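In our numbering, the protein residues as written are 804 to 1051.
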Amino acid sequence: MQQTDLSGTWLLIAETEVIKESTNEYIRTNYYQDYYVFEDTSSGVKVEYCADVGGWAPYGVKTMQHFYINVNDEGFTLGDENTLQQTVEYTDEYSPGFLFKKHTTLRRISPVQVIDFGSFDIAGTNVNVSESEHVCVARYWSSLGTTQSLHVAVPYGEGVLEFSIQYYDDLVVGVYEFEEYNDNNQILDVNVHSNDDQFWDLVGSNILAPESATIEILSINTNFISGVFSFVGQDAQEYSGSFSAELP
804 MQQTDLSGTW LLIAETEVIK ESTNEYIRTN YYQDYYVFED TSSGVKVEYC
854 ADVGGWAPYG VKTMQHFYIN VNDEGFTLGD ENTLQQTVEY TDEYSPGFLF
904 KKHTTLRRIS PVQVIDFGSF DIAGTNVNVS ESEHVCVARY WSSLGTTQSL
954 HVAVPYGEGV LEFSIQYYDD LVVGVYEFEE YNDNNQILDV NVHSNDDQFW
1004 DLVGSNILAP ESATIEILSI NTNFISGVFS FVGQDAQEYS GSFSAELP
């Protein structure tokens, strides 16, 4: 492992099996995809989530057999020069009675930094962003049911701003309505949030949390999605914007 240069952009694919402890029965698998950027240096491997590239970052450690993103966690082993793998088992105090078996694969998609996976724009009284050069994409879904979520993140101030939509079944081109607490709509949640202090100062919260929204999907296939949106945030201001994302 120590002789392998890990620099580049890596797709993270996490698969977490949920097991009922009392019967050892398999319940479901949760899936998550995101991107890392690694820079292999003489001081260690600089580890950045795609959305955090450019700010402070921790350093991972390579040993003869493992790569530790965090030395407090289990290490990754090398499958080949472009694949890292990690398997852990754990319990969660907030989900008593279940055992979690998590298998994580990191697959290098480029030997250089890649952080342009789409575009995002939002315009409103308190929040205005237009970004196409540093756009990151993450996805969540499960083997149980058809609910899934898409997250598009961009730099904002000293932190990150993220747009997310949660929905069930596959979306197609068309107009969708979101209304809070109305599960009859295919869009189950729409939100914009940020960890930057400036966002809180402007909005009065770390989320816009609209009670309703309109989403129009303009294009979608297995590799790409684009659309536009409009809503009134909890700051009582109108917002509209657009998003596009290359799907991992």
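Just so you know, even glycine gets a beta-carbon here, dropped at the ideal spot from N, CA and C. Just so it is clear, the structure is predicted and the values come from calculations on it, not from any experiment.
Residues that DSSP places opposite residue i in a beta bridge
i, result
"P958", "V963"
"H906", "E818, T890"
"A941", "H954"
"Q805", "Paired residue(s): none; Q805 is not in a bridge."
"S913", "T812"
Cutoff 6 Å; reference residue i; Cβ partners in own chain excluding five residues on either side
i, result
"I912", "T812, L814"
"E851", "V840, A860"
"I872", "V850, G863"
"E983", "E1014"
"E892", "K904"
"Q951", "W944"
"H906", "E818, T890"
"L909", "W813, L815, L887"
"D986", "none"
Distance between beta carbons of residue j and residue i, contact taken as under 8 Å
i, j, result
"D919", "S935", "7 Å"
"R831", "L953", "Their Cβ separation, rounded to whole angstroms, is 20 Å, which puts R831 and L953 out of contact at 8 Å."
"T844", "N833", "About 33 Å separates the two Cβ atoms, so there is no contact after all."
"F1032", "S1043", "7 Å"
"N998", "N1009", "7 Å"
Closest Cα partner of residue i within the set the options
i, options, result
"Y835", "K905, Y1042, A817, Y979", "A817"
"V993", "N987, F981, D1000", "F981"
"L902", "N1009, K823, F966", "K823"
"V938", "A1016, T880, G857", "G857"
"L1005", "Q1037, L881, R910, Q806", "Q1037"
"A941", "N931, I968, G900", "I968"
"D972", "Q989, E965, Y959", "Q989"
"E965", "V1031, S898, D924, V1035", "D924"
"L991", "V976, Y970, L974", "Y970"
"V975", "S1008, E961, P914, G1030", "G1030"
"M804", "S898, F870, G847", "F870"
"Q1040", "G921, G878, G927", "G927"
Where the alpha helix (DSSP H) containing residue i begins and where it ends
i, result
"V850", "V850 -> not in any alpha helix (DSSP H); beta strand (DSSP E) instead, spanning 847-852."
Limits of the unbroken beta strand (DSSP E) element including residue i
i, result
"L1005", "Looking at the DSSP string, L1005 is not in any beta strand (DSSP E); the run it does join, the alpha helix (DSSP H), is 1000-1006."
"N833", "828-844"
"F879", "Looking at the DSSP string, F879 is not in any beta strand (DSSP E), and its letter there is neither H nor E."
"W813", "811-823"
"A1048", "1041-1049"
"N994", "990-997"
"G977", "977-982"
"A926", "921-927"
"A1016", "1015-1024"
"S946", "Unbroken run through S946: none, as it is neither H nor E."
"I918", "Looking at the DSSP string, I918 is not in any beta strand (DSSP E), and its letter there is neither H nor E."
"E934", "932-934"
"G1132", "This structure leaves residue 1132 out entirely; the chain is present only between 804 and 1051."
Chain-order list of residues whose beta-carbon lies under 7 Å from that of residue i (same chain, five-residue window excluded)
i, result
"V874", "V864"
"A854", "C939, A956, V963"
"G900", "K823, E824, S825"
Contacting residues, own chain, Cβ-Cβ under 8 Å from residue i (five flanking each side not counted)
i, result
"F1027", "S1047, A1048, E1049, L1050"
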